[in-house]
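Enquirer:
Number of protein chains: 4
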Amino acid sequence: MEEYKPQSKWKNKLHEIIYEADTPSGKLFDIVLFILIIFSVVLVMLESVDEFDQHYHKTLLTLEWVVTIFFTLEYIARLISIKKPWKYVFSFYGIIDFLSTIPLYLSYILAGSQVLLAVRAFRLLRIFRILKLVKFMGEASQLQSALKASRAKIVVFIYVVLILSVIMGTLMYLIEGDEAGFTSIPRSIYWTIVTLTTVGYGDIAPQTNLGQLLATVIMILGYGIIAVPTGIVTAEFTRNKKGNEASNKGTVHLNTQACPSCSAEGHRDDATHCYNCGHLL
Amino acid sequence: MEEYKPQSKWKNKLHEIIYEADTPSGKLFDIVLFILIIFSVVLVMLESVDEFDQHYHKTLLTLEWVVTIFFTLEYIARLISIKKPWKYVFSFYGIIDFLSTIPLYLSYILAGSQVLLAVRAFRLLRIFRILKLVKFMGEASQLQSALKASRAKIVVFIYVVLILSVIMGTLMYLIEGDEAGFTSIPRSIYWTIVTLTTVGYGDIAPQTNLGQLLATVIMILGYGIIAVPTGIVTAEFTRNKKGNEASNKGTVHLNTQACPSCSAEGHRDDATHCYNCGHLL
Amino acid sequence: MEEYKPQSKWKNKLHEIIYEADTPSGKLFDIVLFILIIFSVVLVMLESVDEFDQHYHKTLLTLEWVVTIFFTLEYIARLISIKKPWKYVFSFYGIIDFLSTIPLYLSYILAGSQVLLAVRAFRLLRIFRILKLVKFMGEASQLQSALKASRAKIVVFIYVVLILSVIMGTLMYLIEGDEAGFTSIPRSIYWTIVTLTTVGYGDIAPQTNLGQLLATVIMILGYGIIAVPTGIVTAEFTRNKKGNEASNKGTVHLNTQACPSCSAEGHRDDATHCYNCGHLL
Amino acid sequence: MEEYKPQSKWKNKLHEIIYEADTPSGKLFDIVLFILIIFSVVLVMLESVDEFDQHYHKTLLTLEWVVTIFFTLEYIARLISIKKPWKYVFSFYGIIDFLSTIPLYLSYILAGSQVLLAVRAFRLLRIFRILKLVKFMGEASQLQSALKASRAKIVVFIYVVLILSVIMGTLMYLIEGDEAGFTSIPRSIYWTIVTLTTVGYGDIAPQTNLGQLLATVIMILGYGIIAVPTGIVTAEFTRNKKGNEASNKGTVHLNTQACPSCSAEGHRDDATHCYNCGHLL
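Residue numbers (the UniProt record's numbering), protein chains in the order written: chain A, 1 to 281; chain B, 1 to 281; chain C, 1 to 281; chain D, 1 to 281.
#1: Would you identify the three-state DSSP class for TYR201/B, choosing helix, strand or coil?
#2: Helix, strand or coil for GLY222/D? Go by DSSP, reduced to three states.
#3: Using a 10 Å radius around the Cβ and a threshold of 16 neighbouring Cβ atoms, would you call PHE182/B buried or exposed?
#4: Count the other CB atoms within 10 Å of the CB of TRP86/B; is the residue buried (16 or more) or exposed (fewer)?
#5: Rounded to the nearest angstrom, what separates LYS13/A and VAL67/A at their Cα positions?
#6: Let me see if you follow: with CB-CB separation under 8 Å, is LYS148/D close to chain A or not?
#7: Figure out for me which residue from GLY211/B, GLY200/B, PRO186/B has the closest Cα to the Cα of ASP50/C.
#8: Taking only beta-carbon atoms, is THR23/B less than 8 Å away from chain D?
#9: Around the Cβ of PHE71/B, are there at least 16 other Cβ atoms within 10 angstroms (buried) or fewer (exposed)?
#10: Assign LEU117/A to one of two classes, buried (16 or more other C-beta atoms within 10 Å of its C-beta) or exposed (fewer than that).
#11: Can you check whether the C-beta of PRO229/D is within less than 8 Å of a C-beta belonging to chain C?
#12: Only counting the same chain, and skipping five residues up and downstream in sequence, which positions put a Cβ closer than 6 Å to that of GLU47/D?
#13: Is it a yes or a no for the stretch 218-228 of chain B touching the stretch 154-169 of chain C, going by three-plus beta-carbon pairs under 8 Å?
#14: Find out if the Cβ-Cβ distance for the pair VAL194/A, GLY211/D is shorter than 8 Å.
#15: What did DSSP end up calling PHE39/D once you bin it into helix, strand or coil?
#16: Give the secondary structure of LYS249/C by DSSP, where H, G and I count as helix, E and B as strand, and everything else as coil.
#17: Is the beta carbon of LEU125/D sitting closer than 8 Å to the one on SER100/D?
#18: Given a threshold of 16 other Cβ atoms within 10 Å of its Cβ, counted over all protein chains shown, does PRO229/B qualify as buried or as exposed?
#19: Following the continuous alpha helix (DSSP H) through PHE90/A, name the residue where it begins and the one where it ends.
#20: Going by the beta-carbon positions, is the gap between ALA180/A and PRO206/A smaller than 8 Å?
#21: Do the CB positions of GLY188/B and THR216/B come within less than 8 Å of each other?
#22: Please check if any C-beta of chain C sits within less than 8 Å of the C-beta of SER100/D.
#23: Starting from the C-beta of GLU64/A, find all residues in its chain whose C-beta is less than 7 Å away, skip the five residues before and the five after it, and write them out in chain order.
#24: Determine, using beta carbons only, whether THR183/C comes closer than 8 Å to chain A.
#25: Grab the span of the alpha helix (DSSP H) containing GLY169/D for me, first residue to last.
#26: Which residues in the same chain have their Cβ closer than 7 Å to the Cβ of ILE18/B, if we skip the five residues on either side of it in sequence?
#27: From the beta carbon of GLY202/D, is the nearest beta carbon of chain B less than 8 Å away?
#28: Using the Cα positions of TRP10/C and LEU147/C, report the straight-line distance between them to the nearest angstrom.
#29: Confirm, please, whether the CB-CB distance from SER107/A to ARG123/A is below 8 Å.
#30: Which of helix, strand or coil does DSSP assign to PHE98/A?
#31: By how many angstroms is the C-alpha of ILE69/C removed from the C-alpha of LEU213/B?
#32: Please list, in chain order, all residues of the same chain as PHE237/A whose beta carbon is under 7 Å from its beta carbon, the five residues on each side excluded.
#33: Is SER25/B helix, strand or coil by DSSP?
#34: Using the Cα positions of LYS84/C and THR192/C, report the straight-line distance between them to the nearest angstrom.
Below, the structure is given as structure tokens:
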């Protein structure tokens with residue numbers, strides 16, 4: 001592809017590797033990133049297991065430093081290789097990248113503080129970056145469009161479920177009272193949702209006959225109305241599929257190239273200019 | 001819209017604000033109402049949390065008075081602005097409005113009485129009013145029509161589930177007996193429904209081998225027959241969707257205007273007379 | 001309907017009332033029967049509740065005698081009014097009718113015996129008779145045909161679920177051992193099915209990390225494969241619906257008349273001979 | 001069928017009985033095998049029940065020897081009757097057959113060893129052999145193809161569920177802490193999956209108000225997103241069904257004959273040569 005190169009060559013190369021997944025080196029970079037993200041998420045998890053942390057604290061800390069330094073370098077590389085760095089910094093993924101990189105540095109500043117635990121958990125935000133890596137998978141976008149189309153109906157459904165829970169929960173609160181664990185209306189509503197969604201922990205359970213009768217009604221309701229969101233999404237999938245088959249000719253493949261100027265992604269394979277800012281690709 | 005005005009102008013204006021949602025002031029009124037309803041429901045919930053009520057009893061009571069006075073005024077305004085007040089008073093939403101407004105007044109009459117708790121819970125009926133506010137959302141009415149169409153099948157389904165529960169529950173009662181918590185047939189049926197709907201509290205659980213074997217059968221049954229209501233509703237949704245797409249031309253938009261004489265709602269945008277009583281809109 | 005009458009007139013009349021639901025008296029009989037069945041089922045249930053039985057033992061026994069005598073008379077009437085009584089006696093519903101009528105008589109013969117409890121539960125078999133009363137409801141038969149059509153697929157599905165349960169259950173038995181409640185392979189399989197069907201009692205729950213990891217896999221499996229029976233039944237319903245709409249002209253209404261000779265039911269409205277034995281209707 | 005017979009006649013006959021299910025003796029062999037597999041699986045299970053094993057240890061061991069000897073002979077017969085035994089030995093089912101036959105022999109070599117328990121469980125691998133016996137059932141292959149077609153979407157779905165679980169689990173870990181059982185992030189994630197899949201053991205349950213609120217969100221999420229795999233598989237089934245009906249003419253019946261040379265199965269009824277190696281059938 002003939003391209004106009006306003007940036008230095010190595011910056012362009014870096015941009016291609018980091019932001020795009022169409023070249024071999026770009027793909028490799030994405031795979032390495034993917035593995036490192038998973039690895040770092042596992043690290044954070046293991047750290048929270050007391051027995052494990054006591055034995056391997058030093059190893060975990062060292063590995064965490066390795067990961068953090070890699071992500072720091074990657075963050076800097078992203079800033080350098082893009083034309084409008086501020087746009088990246090304040091984009092959703094830019095913020096995620098930043099927040100998930102700083103915890104280790106902050107842990108020295110905030111040492112001994114209470115907020116530290118929460119700050120350290122920020123590292124888990126890295127998991128969102130995986131979503132970015134897979135967002136161009138055709139399957140995911142099909143799922144997304146079906147869910148988007150049925151969004152309004154699902155909101156109405158959740159709305160009805162919540163109103164039902166408030167009413168049923170209050171009734172159970174009046175019927176059962178404190179002994180069975182229904183100590184307040186919010187707790188009764190919590191129990192109602194536990195029952196309606198068929199989770200059923202059993203930490204709170206009705207003891208009276210009337211309470212068990214009402215519980216039975218709630219269970220059958222919950223068992224039945226699960227059919228509603230299922231019906232909505234299925235109807236959307238069925239329609240979608242037909243639509244897809246009928247109109248496949250109308251669609252083109254979008255690649256993972258990102259505009260070097262505005263970072264917009266999802267250009268047509270035959271595009272020479274960014275659809276968003278008109279910059280040459 | 002040119003209208004014949006038999007009522008005084010301000011009554012008409014009030015009617016427009018309270019009963020309709022097409023004018024800016026009508027919309028604003030609905031939004032304020034919505035927020036107040038949610039606020040008052042949260043109030044009632046917090047009141048039931050003992051620790052919270054002990055600390056903020058006075059604040060909660062004051063806020064409850066504010067809300068109650070607003071709803072009282074709104075109820076009076078509804079009575080004044082409508083032509084046939086009795087029709088409103090004895091309509092479903094009229095009764096809801098009344099019952100959910102009086103508890104605070106009654107609490108002074110019934111002070112110390114046992115019924116008080118139940119009466120206070122009446123305030124939660126306000127939540128039904130939200131349903132009224134959203135009832136013209138197109139999505140909700142689509143859901144409703146799909147559910148209505150599959151109602152007969154769902155009744156048959158629940159019927160079969162209940163018969164199955166009675167038979168299985170009795171069997172479990174005979175097999176397990178008192179030690180495992182199966183103290184009577186109704187309680188065994190309660191357990192069967194808990195299992196069949198895959199809720200599974202675990203407050204009652206089979207202990208014998210035969211009981212666990214039968215429980216396994218019930219679980220797999222419950223796991224399998226959930227497919228039935230789902231299938232019914234989905235088939236209805238799929239059909240509905242096709243119907244909608246085919247016949248969209250045959251439908252018109254209904255607005256939220258209510259007839260000033262008979263309160264009938266859902267007039268065509270181009271209607272000049274009430275479809276129900278013929279009164280000029 | 002012009003009919004050849006080989007039986008005495010009153011026997012024919014009786015047959016019409018008991019076996020058919022097309023005449024007013026036949027309908028009335030069915031409704032009375034329906035109420036009595038429900039009533040007698042509730043009686044049996046209440047009897048099993050100890051507190052209730054202690055207070056009202058005499059009343060319950062008297063009412064049970066009333067119900068039993070009615071069902072005895074009905075059984076005799078069925079025998080008299082039909083031409084080939086043996087066919088009825090050994091039919092499915094004939095056996096149900098017999099078994100659900102004798103328990104009270106047997107309770108005097110078996111007094112004090114252990115089997116008594118089980119025998120008394122036989123009265124609950126009456127609930128099957130309700131199924132007979134509703135079996136010609138169009139909705140029920142639609143449900144039935146959809147289920148029949150997907151029977152083979154559902155059997156394969158249950159088969160796979162069982163094999164999966166055996167394998168996963170054995171693995172959990174090896175991993176968890178006795179402390180966590182996985183005391184034998186059958187009990188582990190029981191737990192696996194409890195988990196796979198998303199019932200989750202919690203009476204047995206994995207304690208080790210490896211066990212919890214495997215449990216997670218089983219849960220996600222169970223959560224996912226519920227889609228399979230749902231998909232099967234839904235596809236059948238969708239197809240069925242289309243078929244129904246297309247071929248409604250090809251169907252005729254079947255009435256509830258039973259052949260006086262062979263008891264076959266479901267004759268065409270315009271039938272003059274039994275489709276099964278050729279006897280005049 | 002006229003056939004070229006390079007092997008001795010009895011070997012050919014043996015091959016027909018063991019590997020094919022189209023002749024009466026072949027069918028009989030499969031049925032006997034099926035019963036023996038089920039029988040041996042039940043044996044292994046009973047052995048793990050302590051009370052049972054103590055009483056009938058000798059009987060169980062004898063029966064296990066009978067079963068093992070049968071499977072040993074069968075394994076040898078399979079080796080003899082096939083032309084390229086190594087292909088069978090290293091095929092999936094060849095390995096299954098071997099591993100599920102040796103445990104009893106190994107138990108004398110490994111006597112007293114710790115691995116023994118796991119080795120004995122290998123006998124349960126026999127259950128996989130049942131899958132082989134039913135693999136040509138048309139229904140199973142339809143299920144399989146529908147699942148295969150929706151595989152990619154289901155992977156994306158499980159992926160999203162896992163990411164959601166990690167995020168929600170970490171949040172719950174930060175909110176609830178040790179007292180409620182959320183002792184580490186992996187355990188919190190375990191709880192999240194228990195909740196999201198609506199299993200709900202109740203061994204770990206949130207105690208704080210904030211925790212219960214978040215749990216409510218997770219439950220409703222889980223209750224809602226079950227619709228997604230269901231929708232995917234259903235859409236696939238619906239499409240599949242249509243495809244099947246349209247193209248039934250394009251399909252031929254495949255029989256269970258296996259090539260005597262390469263063991264490839266699923267030949268056309270009118271085939272005279274193996275589709276895989278060209279050997280005469």
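Ideal placement from N, C-alpha and C gives every residue a C-beta, glycine not left out.
Expert: In this structure, then:
#1: Reduced to three states, the DSSP call for TYR201/B is coil.
#2: Helix.
#3: Around the beta carbon of PHE182/B, 16 or more other beta carbons sit within 10 angstroms, so the residue counts as buried.
#4: Counting other Cβ atoms within 10 Å of its Cβ, TRP86/B stays below 16 and is therefore classed as exposed.
#5: When rounded, the separation of the alpha-carbon atoms in LYS13/A and VAL67/A is 24 Å.
#6: Contact of LYS148/D with chain A is not assigned, every C-beta pair being separated by 8 Å or more.
#7: The shortest C-alpha separation from ASP50/C is found at PRO186/B.
#8: No Cβ of chain D is located within less than 8 Å of the beta carbon of THR23/B.
#9: It counts as buried.
#10: By the neighbour-count criterion, in which 16 or more other beta carbons inside 10 Å mark a residue as buried, LEU117/A falls on the exposed side.
#11: Closer than 8 Å to some Cβ of chain C, the Cβ of PRO229/D qualifies, so yes.
#12: Only ASP53, LEU60 meet the Cβ criterion.
#13: Enough Cβ pairs lie closer than 8 Å, so yes.
#14: With respect to the 8 Å criterion, VAL194/A and GLY211/D are not classified as neighbours on the basis of their beta carbons.
#15: Secondary structure of PHE39/D (DSSP, three-state): helix.
#16: Low confidence applies here, because LYS249/C scores a pLDDT of 38, under 50, leaving its location unreliable; read the following figure in that light. Reduced to three states, the DSSP call for LYS249/C is helix.
#17: Cβ atoms of LEU125/D and SER100/D: closer than 8 Å.
#18: Counting the other CB atoms within 10 Å of its CB gives PRO229/B a total of 16 or more, which places it among the buried residues.
#19: According to the DSSP assignment, PHE90/A belongs to no alpha helix (DSSP H), since it is labelled neither H nor E.
#20: Closer than 8 Å, so yes.
#21: One detail in the question is off: residue 188/B reads as Ser in this sequence, not Gly. Note that the C-beta distance between SER188/B and THR216/B is not below 8 Å.
#22: Chain C, which has no Cβ nearer than 8 Å to the Cβ of SER100/D, makes this no.
#23: Cβ within range, chain order: LEU43, LEU104.
#24: Output row for THR183/C: interface = no.
#25: Under the DSSP assignment, GLY169/D falls in the alpha helix (DSSP H) whose first and last residues are 151-176.
#26: Around ILE18/B: PHE29, ALA77, ARG78, SER81.
#27: True, the Cβ-Cβ gap to chain B drops below 8 Å.
#28: Their backbone Cα atoms lie some 41 Å apart in a straight line.
#29: A distance of 8 Å or more separates the beta carbons of ARG123/A and SER107/A.
#30: Correct three-state label for PHE98/A: helix.
#31: The alpha-carbon of LEU213/B is positioned some 37 Å away from that of ILE69/C.
#32: For PHE237/A, where only same-chain residues beyond five positions count, the Cβ hits under 7 Å are ALA146.
#33: It is helical.
#34: Rounded to whole angstroms, LYS84/C and THR192/C show a C-alpha spacing of 51 Å.
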